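A short worksheet on the structure shown next.
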């Protein structure tokens, strides 16, 4: 599949992390989502119903990061986002989710710590 819908650099404030203080004080999280989906029908009909509404994808990611239960790992956030997007959008063949933590508690200068996962829909 070569068609993609991309949401890059979504920024959310949340309380996730391994250290006790990370559950108390909100910190920024950045999320990218890339959906693999056939966009030919949407492109030829100009019909939102023939594609995936990226506003809905944004709201789903935001709800998981900002309103979902505390998690220790950004790996868990990525898994939850990927599972929710695939469950909510049958047209998506696969999804790649990146979660970055710009203020991860590391002992030095860095841009961000992050994970990237890719999950495919089980077509069986």
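Residue numbers (our numbering): 2 to 125.
Positions of the beta carbon are idealized from the N, C-alpha and C atoms, including for glycine.
Model, not experiment: these values are computed from the prediction.
Helix, strand or coil for residue 128, going by three-state DSSP, please let me know. Because the chain in this structure spans residues 2 to 125, residue 128 falls outside the shown range and cannot be described.
Applying the 10 Å Cβ sphere with the 16-neighbour rule, what's the burial state of residue 91? Answer is exposed; the Cβ neighbour count stays below 16.
If you draw a straight line from the C-alpha of residue 114 to the C-alpha of residue 33, how long is it? Near 14 angstroms, if we compare the C-alpha coordinates of residue 33 and residue 114.
Starting from residue 35 and walking both ways along the beta strand (DSSP E), at which residues does that stretch end? Residue range 28 to 37 is occupied by the beta strand (DSSP E) that includes residue 35.
Kindly indicate the opening and closing residues of the beta strand (DSSP E) around residue 13. 5 to 15 is the extent of the beta strand (DSSP E) around residue 13.
Backbone CA spacing between residue 126 and residue 25 [nearest angstrom]: No answer is possible for residue 126: the residues shown for the chain start at 2 and end at 125.
Counting C-beta neighbours from all protein chains within 10 Å, is the total for residue 19 16 or more, i.e. buried, or is it exposed? Flag for residue 19 reads exposed.
Euclidean distance between Cα positions of residue 44 and residue 3: Distance between the alpha carbons of residue 44 and residue 3: 14 angstroms.
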